[in-house]
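Below is one structure; the comments refer to it alone.
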Amino acid sequence: MSQVTVHIPSALRGFADGSSELAVEASSVREALDRIGERHELLLARILTRGGDLRPYVNIFLDERDIRSLDGLDTPTAGARELMVVPSVAGG
Amino acid sequence: MDAPLEQRLEALRGRIPEVAPTAAADDQRQGALVLDVREPVETAQGYPQRAQLLPRGMIELQAASLPADRDAPIRVICATGVRSLLAADTLAAMGYRDVASITGGFDAWRAAGLPVARPASTAPARDRYQRQLMLPEVGAAGQERLAAARVLIVGAGGLGSPAALYLAGAGVGTIGLVDDDRVELSNLHRQPLHTEAGVGTPKVESARSALQARNAGIAVETHDCRLAAGTAAALVAGYDVVLDCSDNFAARYLLNDACVAAGTPLVQAAIHRFEGQLTVIHPAAGGPCYRCLYPEPPPAELAPSCGETGVLGVVPGHLGVLQAAEALKLVLGIGEPLIGRLLWTDLLTTRFRRLEVKTRADCPLCTQPRLEAIQS
């Protein structure tokens, strides 16, 4: 169990009481998201499907690496500093 | 012309195909090489856009600069159509099987109103581009690549404005603009292509004026239309690099699909409030496509437009400049284009992250083998 800072993108901050970052204790990406879900249920629903999979318009990066190329939501967070949630945006 | 030469040309006309300039320009759009075999003193006055310059006397000596593929289509041009016939004969003797001479030469090319480029080595160009010509990564050869380049910008708004201004300034020979909007007063805080005088006019026309005022030596092609499923492929065809400066998901997926199919690199940027994302989509060079990054768009309530959330001009501004930088790198063949990387920026905290992105094994576009050549 280690502390990791989860970066909340501006598109989803409305579901996190405006927070841009949340520090959580977790041993995997899924656990970090669960910790966030305990505080902000609506936020978690925008990141994961009801089945617990990553939504197709959201990517998660652990220290700049796509968790899809690691172990997905089971990727261990030990030693990592930053978990970034990056949703698709289209403004121009 | 003496009798033996006349006889030789007559014989050549019997076996070397001749094509009109307009047909040669069509072939060029389909990928044919236009080879200008005139002398430098002649091409200094202008030459067909995107043509390779190789004086007739240098063809054998600089054969390595010609396509390795002997089936590559080559259309040869000179001043009037005589030297091109002789040069085409030389190329045929070298093994090229799809060679034709352009009738009437460069005079006819220009008379037909086909696009013309001027070399960077002429005096005004030397002065204009002096500071970037000094860079070893650019130089005279790079400046010629820029002059021959065709870049399409989809969206002449917050992202497209700075991108277009910098590409025009750098001397990108042809800039295409796609937008069906008209200039509104509420655009001006973030769209430096447009001015108060242009309010109410089509954005592509306002943009054309601004770009030609900055650099009269480039061509601006305007497409006053909205990107649609039926038109995306035709719009993308004929351009070397495409910039996605649009403001909606439908356009982003359409452009992605059209560019992936054409093998054309797509420099994409998007913003939300103070955050931005930038990447270069070019599966032909090994990176993921937009559908790999985001297989589906978010529901509408999670993806409001700038008109709904608000935007500070500098946010699309800095991303549009970065799009121009990526396009210049792609055209010049320098540096590391942002392929397989997503740059995430937040101007509120001034944080930049270079995120790794990969091809999805289940991507409907990228699982098909891509045979298209990488366009340089």
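Residue numbers (our numbering), protein chains in the order written: chain A, 2 to 93; chain B, 13 to 388. Cβ atoms here follow ideal geometry from the backbone N, Cα and C, with glycine treated the same way. Nothing here was measured: the structure is a model prediction, and the numbers come from that model.
With a cutoff of 8 Å on beta-carbon distance, Ile-346 of chain B and Gly-299 of chain B are scored as not near each other. Pro-127 of chain B sits in coil when the DSSP states are folded into three classes, being neither helix nor strand. Positions of the beta strand (DSSP E) runs, each at least 3 residues long and wholly inside the stretch 197 to 264 of chain B, are given as 231 to 235, 253 to 256 in order along the chain. Straight-line measurement puts the Cα of Trp-121 of chain B at about 43 Å from the Cα of His-201 of chain B.
Listed as beta-bridge partners of Val-166 of chain B by DSSP are B:Val-190, B:Asp-256. Taking 8 Å as the cut-off between beta carbons, the residues of the stretch 160 to 184 of chain B near chain A are Gly-167, Gly-169, Gly-170, Leu-171, Gly-172, in sequence order. A direct Cα-to-Cα measurement between Ala-312 of chain B and Leu-324 of chain B gives close to 22 Å. Using a CB distance cut-off of 8 Å, Cys-378 of chain B does not count as an interface residue toward chain A. In this structure the stretch 159 to 171 of chain B lies against the stretch 249 to 257 of chain B, because at least three pairs of beta carbons, one per stretch, are closer than 8 Å. Glu-65 of chain A has a beta carbon lying within less than 8 Å of a beta carbon in chain B.
Membership of Arg-365 of chain B in any alpha helix (DSSP H) is not indicated; the residue belongs instead to the beta strand (DSSP E) covering 363 to 368.
Taking a C-beta cut-off of 8 Å against chain A, none of the residues of the stretch 203 to 229 of chain B qualify. Taking a Cβ-Cβ cut-off of 7 Å, the neighbours of Asn-260 of chain B in chain A comprise Ala-91, given in sequence order.
Note: Tyr-59 of chain B is bridge-paired with B:Ala-129 in the DSSP secondary-structure output.
The bridge partners DSSP lists for Trp-356 of chain B are B:Gln-289, B:Arg-365. Exclusion of the five residues before and after Leu-24 of chain B leaves Leu-97, Asp-101 as the residues of its chain whose Cβ lies within less than 6 Å of its Cβ.
For Asp-48 of chain B, the enclosing beta strand (DSSP E) stretches over residues 45 to 48. Each residue's CA atom was taken as its position, placing Leu-189 of chain B and Tyr-178 of chain B some 14 Å apart. For Glu-348 of chain B, there is no enclosing alpha helix (DSSP H), since its DSSP letter is neither H nor E. If you draw a straight line from the Cα of Pro-79 of chain B to the Cα of Val-150 of chain B, it is about 23 Å long.
Counted as a single uninterrupted DSSP element, the stretch harbouring Pro-277 of chain B is not any beta strand (DSSP E), since DSSP gives it neither H nor E. A Cβ-Cβ distance of about 6 Å is found for the pair Gln-155 of chain B and Gly-183 of chain B, placing them in contact under the 8 Å criterion. For the stretch 278 to 289 of chain B, the set of residues with a beta-carbon nearer than 9 Å to any beta-carbon of chain A comprises Ala-281, Ala-282, Ile-283, His-284, Arg-285, Phe-286, Glu-287, Gly-288, Gln-289, in chain order. Cβ contact annotation for Gly-58 of chain B (same chain, cutoff 8 Å, sequence separation greater than five): Phe-118, Arg-122, Val-128, Ala-129, Arg-130, in chain order.
Bounds of the alpha helix (DSSP H) holding Leu-34 of chain A are 30 to 40. Distance from the Cα of Val-343 of chain B is smallest, within the candidate group B:Gly-319, B:Val-279, B:Gly-210, for B:Val-279.
For Ser-11 of chain A, the closest Cβ of chain B is nearer than 8 Å.
With a cutoff of 8 Å on beta-carbon distance, Pro-67 of chain B and Val-46 of chain B are scored as not near each other. Between the stretch 102 to 115 of chain B and the stretch 19 to 35 of chain B there are three or more C-beta pairs closer than 8 Å, enough to call the two in contact. At least one beta carbon of chain A lies nearer than 8 Å to the beta carbon of Glu-368 of chain B.
When CB distances to chain B are screened at a threshold of 9 Å, the residues of the stretch 37 to 67 of chain A falling below it are Arg-47, Arg-56, Pro-57, Tyr-58, Val-59, Asn-60, Phe-62, Glu-65, Arg-66, Asp-67, in chain order. Of the residues B:Gln-144, B:Glu-51, B:Asp-81, the one whose Cα lies closest to the Cα of Met-70 of chain B is B:Glu-51.
Close CB contacts of Ser-173 of chain B within its chain, under the 6 Å cut and outside five residues either way in sequence, are with Gln-203, Pro-204, Leu-205 (chain order). Secondary-structure assignment with DSSP links Glu-156 of chain B through no beta bridge to anything. In terms of beta-carbon proximity, Leu-305 of chain B lines the interface with chain A, with at least one pair separated by less than 8 Å. By the Cβ test, the stretch 55 to 73 of chain A is in contact with the stretch 361 to 375 of chain B, since at least three Cβ pairs between them sit closer than 8 Å.
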